[in-house]
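Quick note on UniProt numbering: the sequence shown kicks off at 1 and runs consecutively.
Ideal Cβ placement from N, Cα and C applies to all residues, glycine included.
Heads up: the structure comes next, in structure tokens.
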Amino acid sequence: MNQNETPLFDTLLHHATRKPIQFHIPGHKHGRGMDSRFRSFVGDQALSLDLINIAPLDDLHHPTGAIKRAQELAAQAFGADYTYFSVQGTSTAIMAMVLSTVGPGDKILVPRNVHKSVLTAIILADAQPIFLLPEVDARFGISHGLSVEVVTDALVAHPDARALVVINPTYFGISANLERIVDVAHSYGVPVLVDEAHGVHTGFHSALPLSAMQAGADMAATSVHKLGGSMTGSSVLNIREGMIDPRHVQVVMSMLTTTSTSYLLLASLDVARKELAAHGHERISKAIDLALQARHRLNEVPGLVCLDESCLNSSATFALDPTKLTISVKDLGVTGYDVERMLRENYNIEVELSDLYNVLCIISWGDEQADIDALVHALTEIAHAYQDRQGKREVVVQLPSMPELRMSPRSAFYAKTEIVPLQASVGRTMAEMVMVYPPGIPILLPGEVITQDNIDYIEANLRAGLPVQGPDDPEIRLIKVVCNES
Numbered sequence: 001m002n003q004n005e006t007p008l009f010d011t012l013l014h015h016a017t018r019k020p021i022q023f024h025i026p027g028h029k030h031g032r033g034m035d036s037r038f039r040s041f042v043g044d045q046a047l048s049l050d051l052i053n054i055a056p057l058d059d060l061h062h063p064t065g066a067i068k069r070a071q072e073l074a075a076q077a078f079g080a081d082y083t084y085f086s087v088q089g090t091s092t093a094i095m096a097m098v099l100s101t102v103g104p105g106d107k108i109l110v111p112r113n114v115h116k117s118v119l120t121a122i123i124l125a126d127a128q129p130i131f132l133l134p135e136v137d138a139r140f141g142i143s144h145g146l147s148v149e150v151v152t153d154a155l156v157a158h159p160d161a162r163a164l165v166v167i168n169p170t171y172f173g174i175s176a177n178l179e180r181i182v183d184v185a186h187s188y189g190v191p192v193l194v195d196e197a198h199g200v201h202t203g204f205h206s207a208l209p210l211s212a213m214q215a216g217a218d219m220a221a222t223s224v225h226k227l228g229g230s231m232t233g234s235s236v237l238n239i240r241e242g243m244i245d246p247r248h249v250q251v252v253m254s255m256l257t258t259t260s261t262s263y264l265l266l267a268s269l270d271v272a273r274k275e276l277a278a279h280g281h282e283r284i285s286k287a288i289d290l291a292l293q294a295r296h297r298l299n300e301v302p303g304l305v306c307l308d309e310s311c312l313n314s315s316a317t318f319a320l321d322p323t324k325l326t327i328s329v330k331d332l333g334v335t336g337y338d339v340e341r342m343l344r345e346n347y348n349i350e351v352e353l354s355d356l357y358n359v360l361c362i363i364s365w366g367d368e369q370a371d372i373d374a375l376v377h378a379l380t381e382i383a384h385a386y387q388d389r390q391g392k393r394e395v396v397v398q399l400p401s402m403p404e405l406r407m408s409p410r411s412a413f414y415a416k417t418e419i420v421p422l423q424a425s426v427g428r429t430m431a432e433m434v435m436v437y438p439p440g441i442p443i444l445l446p447g448e449v450i451t452q453d454n455i456d457y458i459e460a461n462l463r464a465g466l467p468v469q470g471p472d473d474p475e476i477r478l479i480k481v482v483c484n485e486s
């Protein structure tokens with residue numbers, strides 16, 4: 001295969017140049033039927049590719065032409081046996097992984113810091129999650145990956161598990177010893193499903209952690225849009241044959257995917273794959289250099305500390321993606337969310353996320369030196385403005401605990417419920433999710449026993465102004481719990 005090909009994009013361009021009379025959806029018909037201001041801003045060329053699955057353009061649900069060829073090229077580039085495109089982000093790809101491997105009552109080993117999409121799929125499958133405790137970083141107040149030892153102990157205790165979910169790398173760029181974890185899981189006949197939302201680039205540069213396919217994983221849901229250059233919402237599901245039936249996965253993926261697929265998103269996947277395959281090493285080298293420079297400069301600023309390779313001291317923290325720039329600001333006496341707002345309001349800088357203690361910046365080859373200079377300048381000024389607070393009080397990092405799972409998530413989600421004040425819910429069984437998004441890791445989920453420390457953690461995030469969400473009550477003052485608990 002020639003990785004410089006872009007079969008889907010070329011097919012769409014050829015179709016657009018024909019300018020056929022369209023008696024099919026979308027109803028805007030090349031933009032003529034939509035708001036003129038929006039049409040002018042987006043442009044006629046982009047709108048000419050906003051098409052549907054007519055015969056010349058192939059069909060994502062049953063690809064036989066250009067989409068099939070584009071997916072085959074992607075599989076080769078990612079080192080997979082099969083690759084399926086997603087126009088509904090990595091969340092849909094993650095749910096397809098889970099739903100194609102476990103069913104009602106099946107055990108699935110899951111790190112407790114997984115994204116909500118994993119838990120949604122577990123609820124839909126009525127599977128039995130066995131939660132594994134990730135390594136916790138008390139310095140930065142974040143969770144990392146799973147250690148080989150934790151995975152091994154879980155497989156010994158649950159040899160009947162049907163699958164293992166691993167995050168590689170985490171949102172903050174930390175990878176576990178995935179190759180060893182895969183070896184251990186496979187020795188028990190358990191397939192490994194990888195949430196690779198933040199690792200599309202890892203397989204294209206030797207200075208980065210191993211990709212899921214390089215480590216021998218069975219499936220990996222990979223966000224191309226996050227760090228691979230495609231449009232928002234476009235991702236891939238990479239599959240290795242053997243323990244997984246790719247045809248069944250495709251059927252499940254189709255069940256979850258809209259039949260009105262976006263050809264703009266599909267085309268962006270096609271060209272992003274070409275860029276990664278042909279120029280990935282060069283592009284990623286630029287991003288790594290910028291990120292390392294920013295990390296070095298920020299570590300010189302009193303009150304700021306960046307997550308770096310000094311944290312790599314276990315099989316749960318085995319490798320670091322340096323393009324994820326995590327900056328601890330807790331020594332300034334302010335929250336990460338405070339700093340995020342200062343960056344936005346005073347410097348016109350937007351970050352990926354903030355929490356009680358950190359801000360996270362994603363560095364890609366789309367960044368320039370001027371962007372790094374602006375970020376370093378802004379954070380230096382903020383740190384200087386709060387220099388009088390430094391060292392005046394010890395900041396105790398607060399982390400949520402891993403609650404007891406009293407009921408299956410599905411049983412709790414569909415149980416008869418009652419609404420109670422959050423502060424009066426200790427000891428009750430949760431019937432909905434509560435999380436801070438981003439990153440979308442539930443603090444509490446259906447079936448778990450509510451504890452005071454997790455209520456305190458939720459309240460701390462609410463007081464800081466962070467985006468806590470999930471329950472029916474948007475203010476998170478009232479939550480749903482299971483009724484009639486004995």
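Query - Classification of LYS392 by the beta-carbon crowding that lies within 10 angstroms, buried from 16 upward - result: Counting of Cβ neighbours within 10 angstroms places LYS392 among the exposed residues, the total staying below 16.
**Report entry** Separation of ASN454 from ASP338, as counted between CA atoms
**Finding:** Cα-Cα distance, rounded: 22 Å.
Query raised in the report: Is the region 421 to 429 touching the region 155 to 165 in the sense that three or more CB pairs, one from each, lie closer than 8 Å?
Result: In short, these stretches do not touch, since the Cβ pair count stays below three.
Report task. Would you mind stating whether PRO209 and ASP321 have Cβ atoms separated by less than 9 Å? Result -> Yes, the Cβ-Cβ distance between PRO209 and ASP321 is below 9 Å.
Query raised in the report: With distances taken between CB atoms, is the gap from ARG410 to LEU124 smaller than 9 Å?
Result: Between ARG410 and LEU124, the C-beta spacing is below 9 Å.
Query - Cα-Cα separation, GLU345 to ALA378 - result: Distance between the alpha carbons of GLU345 and ALA378 is about 11 Å.
Query raised in the report: In three-state terms, what does DSSP make of ALA163?
Result: Correct three-state label for ALA163: strand.
Query raised in the report: Using the C-alpha atoms, what's the distance from MET1 back to PRO302?
Result: Each residue's Cα considered, the two are about 52 Å apart.
Query - Among ALA291, LEU445, ILE419 and THR257, the one whose alpha carbon lies nearest that of LEU60 - result: When each option's Cα is compared against that of LEU60, the closest is THR257.
Report task. Per DSSP, which residues does PRO111 bridge with? Please list them. Result -> Beta-bridge annotation (DSSP): PRO111 is paired with LEU132.
Query - Check whether THR11 and ALA46 have beta carbons under 9 Å apart - result: Contact: no.
Query raised in the report: To which residues of the same chain is LEU375 closer than 7 Å at the C-beta, ignoring the five residues directly before and after it?
Result: Hits under 7 Å: ALA294, ILE349 and CYS361.
Query raised in the report: Taking Cβ positions, are ILE327 and PRO403 nearer each other than 9 Å?
Result: No.
Requested in this report: Helix, strand or coil for ASN53, going by three-state DSSP, please let me know.
Outcome: In this structure, DSSP gives ASN53 a state outside helix and strand, which the three-state scheme calls coil.
Requested in this report: Put GLN88 into one of helix, strand or coil per three-state DSSP.
Outcome: It is coil, neither helix nor strand.
Report task. Give the DSSP-derived three-state secondary structure of CYS311 in the structure shown. Result -> Three-state DSSP puts CYS311 in a helix.
Query raised in the report: If you compare alpha carbons, which of ASP367, VAL42 and LEU307 is closest to LEU287?
Result: The question names Leu, but residue 287 in the sequence shown is Ala. ASP367 is the residue among ASP367, VAL42 and LEU307 whose C-alpha sits nearest the C-alpha of ALA287.
Requested in this report: Using beta-carbon positions only, say whether LYS116 and PRO442 come within less than 9 Å of one another.
Outcome: Yes, the pair counts as a contact, with Cβ atoms nearer than the cut-off.
Query raised in the report: Assuming residue 512 and SER401 make a contact with CB atoms under 8 Å, what is their CB distance in whole Å?
Result: With the chain represented from 1 up to 486, any question about residue 512 goes unanswered, as that position is not in the structure.
Report task. Measure how close the beta-carbons of ALA80 and MET213 come, nearest whole angstrom, since I'm counting them as under 8 Å. Result -> Right, their Cβ atoms sit about 5 Å apart.
**Report entry** Chain-order list of residues whose beta-carbon lies under 7 Å from that of residue 488 (same chain, five-residue window excluded)
**Finding:** Because the chain spans 1 through 486 in this model, residue 488 falls outside it and cannot be assessed.
Query - Those residues which DSSP pairs with VAL481 across a bridge - result: Under DSSP, the beta-bridge partners assigned to VAL481 are GLU418 and MET430.
**Report entry** Proximity below 9 Å, CB of GLY189 to CB of ARG341
**Finding:** Contact flag unset, no.
**Report entry** One or two residues paired with ALA221 in a DSSP bridge
**Finding:** Per DSSP, the beta bridge partners of ALA221 are ASP195 and LEU237.
Query raised in the report: Quick one, which of GLU72, GLN76, ALA316 and ASP58 has its alpha-carbon nearest THR170's?
Result: Measuring C-alpha to C-alpha distances from THR170 to each of GLU72, GLN76, ALA316 and ASP58 identifies ALA316 as the nearest.
Report task. Can you give me the Cβ contacts of ILE476 inside the same chain, cut-off strictly under 7 Å, excluding the 5 residues immediately before and after it? Result -> Result list for ILE476: LEU422, VAL434, ILE458, LEU462 and VAL468, in chain order.
Query raised in the report: Are VAL182 and ALA163 close, meaning C-beta to C-beta below 9 Å?
Result: No.
Query - Simplified DSSP assignment, three categories, for HIS448 - result: For the sequence presented, residue 448 should be read as Glu rather than His. Strand at GLU448.
Query raised in the report: Are the region 245 to 263 and the region 89 to 99 touching by the rule of at least three beta carbon pairs closer than 8 Å?
Result: The region 245 to 263 is in contact with the region 89 to 99.
Query raised in the report: What are the residues that DSSP puts in a beta bridge with SER354?
Result: In the DSSP output, where bridge partners are listed per residue, SER354 has VAL359.
Query raised in the report: Alpha carbon to alpha carbon, what distance is there between ALA412 and SER230?
Result: Each residue's alpha carbon lies about 38 Å from the other.
Query raised in the report: Looking only at its own chain, which residues have a Cβ that is under 7 Å from the Cβ of GLY233, when we skip the five neighbours before and after it?
Result: Within the same chain, GLY233 has close Cβ partners VAL87, GLN88, GLY89, HIS225 and LEU265.
Query - Rounded C-alpha distance that separates LEU445 from ALA185 - result: Roughly 26 Å between the two C-alpha positions.
Query raised in the report: With 16 other CB atoms within 10 Å as the buried threshold, where does GLY199 fall?
Result: Burial call: buried.
Report task. Could you check the C-alpha separation between GLY280 and ILE363 for me, to the nearest Å? Result -> Going by the C-alpha atoms only, they are around 15 Å apart.
Query raised in the report: In or out: CYS483 buried (at least 16 other Cβ within 10 Å) or exposed?
Result: With a 10 Å radius around the Cβ and a threshold of 16 neighbouring Cβ atoms, CYS483 comes out exposed.
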